[in-house]
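Everything below concerns the one structure shown next.
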Ligand code: PEP
Ligand code: MG
């Protein structure tokens, strides 16, 4: 019998393959003491192991730079820097000298200490660095113990159907994979914003994260389906699963083949309503693919990639280059740069954040930016300079009230003055928008509309904050329901407010990438959607087959619905046969009466 596991979608695409587990864990290290005269030899062996690790990491970095680009390759910097870190190196050498432990054992002890310290922060961004630290630990210990890489991809010649299953992954493992060999990834832990997930996305490798204990449930060679669009993994798929998979894969392949053709098609409903379909980007390198998939601009350019895993804030030039690269790739179409959304599940360690009990309810996004104006001004200058290269818009994350928007605007005005004094070009007519992603912002939208040039509804957070369901908690995945009536009502009222104020409203959360979610948005007169770029062709095809009048009627019913199931049912009925509803049935327990 097949078994379905639901986690979180981390990279689009669907694949059928055979499991290959990665036992990427630290090896057992024997407890050994060396004679006093051998102590300095151990210190030297530790130095040699670091050199070997550095050489390997530099090679992976170079390969990533070649494949993806310089910004993406920086993902290896934290590990390379850790190799020189005094807390790592000095601490290990001290153990070797003071206790005469072997280099391997001393290093293992030091790692245990550091990991314990870091884990106490319970901060996801630091936990991401912990992931880097563990990667380094495995690398150095294996070197010291004379073991080979347990997963030397270069020696593996599969037939492209390998589904890598692991507790968690690391950027350096992803960089080691050959995308023509690896069909998909599935992990117990991790989030969409983990470094490795960002890398997987940019290489088009489907991935599902947060599956609990999938790595313990599977065996090597076991057949498995990974659906990175809906965050589902099916073990030992049966005939029915196979049929569903074949249909979906065939459809996706057709879209892939037709990508260029579909990209050229007008994005308009069957009854003539134009819909702006834009892309969400996590990395600049994705811009080219987003264009190829028909994106009419970028509705959400997340900028945290510049900060994740770094030891210091990126400078103005580096930021400017990244923003300019995307602006130029979309020449003419709007590119909406979201200011740093740090905190929540993404926190750079250099900000020295005190532990927070509830990171998502804590010091996050605009709150951090306004408390750290010096850090923030660098980004504002870089974005302002990028406005000279296209229709670059600026978007503020996690806004709760008008004062926050006013504060950002006055900082922007100060930076504009400085740029003018320095004779540096920027576009004075740029738009400043607000992300509506808290119930406070949704309820106060009328006030905010007086201070914002546009709204972008971030349903990922809006759902989390409305329903009090942590978006990263796999156990609650079924409760994370964007079709909950309370969410539908907020979408409706924000849309109405925006229209009354004459400003654009779009949705940039994941729900917009689902057929029923997009249909709902349309029915609520939200006609600009921004989604992960691989979803664009499918979405455009769906939108071209539906009628806005049907969507409006379905939305009216959805607004009157008492339960999420009623909302889904109203939408399913309205959209008709256009869409395969199986994904909704399992995920949100949709029970279709008709
Ligand atoms: C959202 O919250 O819906 C959103 C698009 O932003 P992020 O997922 O980056 O928080
Ligand atoms: Mg958000």
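In the numbering used here, the protein residues as written are 1 to 594.
Each residue gets a CB set at the ideal place from its N, CA and C atoms; glycine is no exception.
| Query | Result |
| --- | --- |
| Going along the chain, which residues of its own chain have a beta-carbon closer than 7 Å to the beta-carbon of residue 570, five neighbours each way excluded? | 554, 557, 558, 561 |
| Residues around ligand 1, please: the ones whose beta-carbon is closer than 6 Å to some heavy atom of it, in chain order. | 300, 302, 341, 437, 458, 459, 460, 461, 508, 509 |
| Have a look at residue 387 and residue 416 and give me their C-alpha separation to the nearest angstrom. | 11 Å |
| To the nearest angstrom, how far is it from the Cα of residue 510 to the Cα of residue 187? | 20 Å |
| Please list the terminal residues of the continuous alpha helix (DSSP H) segment that includes residue 409. | 402-422 |
| Buried or exposed: residue 140, going by 16 or more other Cβ atoms within 10 Å of its Cβ? | buried |
| Can you determine whether any heavy atom of ligand 2 sits closer than 7 Å to the C-beta of residue 397, and answer yes or no? | yes |
| Here's a check: name, in chain order, each residue in its chain whose Cβ is nearer than 7 Å to the Cβ of residue 594, leaving out the five neighbours to either side. | At residue 594 the pLDDT is 49, less than 50, meaning the model places this residue with poor confidence; the figure from the coordinates comes in the next sentence. Excluding residues within five positions, the ones whose Cβ falls inside 7 Å are 573. |
| Residue range of the beta strand (DSSP E) that residue 14 falls in? | 14-21 |
| Quick check: the Cα distance between residue 110 and residue 173, rounded to an integer number of angstroms? | 23 Å |
| Could you check which residue in 83, 438, 66 has the C-alpha nearest to that of residue 595? | The displayed coordinates of the chain run from 1 to 594. Any statement about residue 595 would go beyond what the structure contains. |
| Can you give me the start and stop residues for the beta strand (DSSP E) that residue 4 sits inside? | 3-6 |
| By the 10 Å Cβ neighbour count, where 16 or more other Cβ atoms means buried, how is residue 456 classified, buried or exposed? | buried |
| Distance, Cα to Cα, residue 304 vs residue 281? | 11 Å |
| At what residues does the alpha helix (DSSP H) containing residue 486 begin and finish? | 485-501 |
| Go to residue 202, then tell me how far its alpha helix (DSSP H) extends in each direction, as first and last residue. | 195-202 |
| Mind checking residue 12: buried by the 16 CB within 10 Å criterion, or exposed? | buried |
| By how many angstroms is the C-alpha of residue 481 removed from the C-alpha of residue 564? | 8 Å |
| Pick out whichever of 444, 85, 493, 251 has its Cα sitting closest to the Cα of residue 534. | 251 |
| Would you check whether ligand 3 has a heavy atom nearer than 7 Å to the C-beta of residue 83? | For the structure depicted, ligand 3 is absent and the ligand set comprises only ligand 1 and ligand 2. |
| At the level of alpha carbons, what is the spacing between residue 218 and residue 19? | 7 Å |
| Is the CB-CB distance between residue 15 and residue 208 below 8 Å? | no |
| Quick one: Cα of residue 268 to Cα of residue 522, how far? | 11 Å |
| What residues in its chain sit with their C-beta under 7 Å from that of residue 135, if we drop five residues either side in the sequence? | 79, 170, 172 |
| Could you check whether the stretch 260-274 touches the stretch 235-247, counting it as contact only if at least three pairs of C-beta atoms, one from each stretch, sit closer than 8 Å? | no |
| Out of curiosity, what's the CA-to-CA distance linking residue 333 and residue 568? | 33 Å |
| As an exercise, report each continuous beta strand (DSSP E) stretch of at least 3 residues that is fully enclosed by the stretch 195-281, in chain order. | 207-209, 223-227, 232-235, 276-281 |
| For residue 395, which residues does DSSP report across the bridge? | 338, 433 |
| Any C-beta of chain B sitting closer than 8 Å to the C-beta of residue 380? | No chain B is present in this structure, which holds just one protein chain. |
| Ordered along the chain, which non-local residues of its own chain (more than five positions away) have a Cβ less than 6 Å from that of residue 201? | 11 |
| Quick check on residue 25: buried or exposed, where buried means 16 or more other Cβ atoms within 10 Å of its Cβ? | exposed |
| Less than 8 Å separating the beta-carbons of residue 493 and residue 529? | no |
| Classify residue 64: buried if its beta carbon has 16 or more other beta carbons within 10 angstroms, exposed otherwise. | buried |
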